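All you need for the working numbering is the position in the sequence shown, starting with 1, plus 164.
Backbone N, C-alpha and C define an ideal beta-carbon position, used for all residues, glycine too.
Since this is a predicted model, take the numbers as computed values, not measurements.
Structure, as structure tokens:
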Amino acid sequence: MSKATGWTAIGIVFFIAVVAIVFRIGAAIAPFSSRADLGTQSPASGWTSETILRKKAVKTVLPEFPVSATREHRSGVAVAMVYLDVRGHVSKVEVLRSPAPAIADSMSVALSQWIFEPFTTPDGQTLLISGKITFYFEIEHNKGVVLDPASVGYVGRWPPDLQTLKKPKPGPVSQGIAPATWSFG
């Protein structure tokens, strides 16, 4: 066998090995819709803003301010990620930020009861959606108050220190930034 024939044989074996590996990897990462063993296609998923989530909510439950958090003077911003199924029901709540464990529990209980209009693509395909929901837990005159940003007219990034906020004046809120008409002490 000549040297050229030997290299050709090695090249053919190498080519066959590469093709076999590519087909194996391709089968492993093929989309679910083309894999007969998995049946139906999984719904598409995505993320949306808090403003859109709140607009599509058809049932909301305001979290309760836990007595223990009031007693401990625990207040501040609480943020949770909600995961929706294709029917618009909350399938999971993940509290991302909370001033106290009891507040996190209250958020989780309340948000798990929310119901949303189902999210769909323009062609009608239902979507699995996730997004963040925020509440402000404040103590006023030794009483715990839960503020829903949508009902107080502000959804987005709240000023870092709520206690320095003096008198909010009407003004547009854009891009999650407090407008210049807010007064800080």
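Item	Value
Ala268, DSSP secondary structure in three states	helix
Inter-residue Cα distance where the pair is Ile293 and Gly252	8 Å
Terminal residues of the alpha helix (DSSP H) in which Arg235 lies	231 to 235
C-alpha gap between Val222 and Val243, whole angstroms	20 Å
Counterpart residues of Gly210 in DSSP-defined beta bridges	Ile293
Where Asp201 falls, given that 16 or more other Cβ within 10 Å makes a residue buried	Low local confidence applies: a pLDDT of 40 at Asp201 is under 50, so the model's placement there is unreliable, and no value is given.
Boundaries (first-last residue) of the beta strand (DSSP E) holding Val225	No beta strand (DSSP E) contains Val225, which DSSP labels as neither H nor E.
Of the listed residues Thr290, Trp278, Phe301, nearest to Ser255 (C-alpha basis)	Trp278
Three-state secondary structure assigned by DSSP to Ala314	coil
Phe301 beta carbon less than 7 Å from that of Ser239	yes
Bridge-paired residues (DSSP) for Glu258	Met245
Whether Ser270 touches Val259 by CB criterion (7 Å)	no
Outcome for Val210 when other beta-carbon atoms lying within 10 angstroms are tallied against a minimum of 16	It is Gly, not Val, that sits at residue 210 in the sequence shown. Gly210 should be labelled exposed.
Three-way DSSP call (helix, strand, coil) for Gln327 in this model	For Gln327, the predicted structure reports a pLDDT of 46, less than 50, and the residue's modelled location is therefore unreliable. A value from the coordinates is still provided. DSSP places Gln327 in helix when its eight states are reduced to three.
Alpha-carbon to alpha-carbon, Glu236 and Ile303	10 Å
Assigned exposure category for Thr285 - 16 Cβ within 10 Å defines buried	exposed
Where Ser262 falls, given that 16 or more other Cβ within 10 Å makes a residue buried	buried
Cα-Cα separation between Lys219 and Val241, rounded to whole angstroms	21 Å
Classification of Leu226 by the beta-carbon crowding that lies within 10 angstroms, buried from 16 upward	exposed
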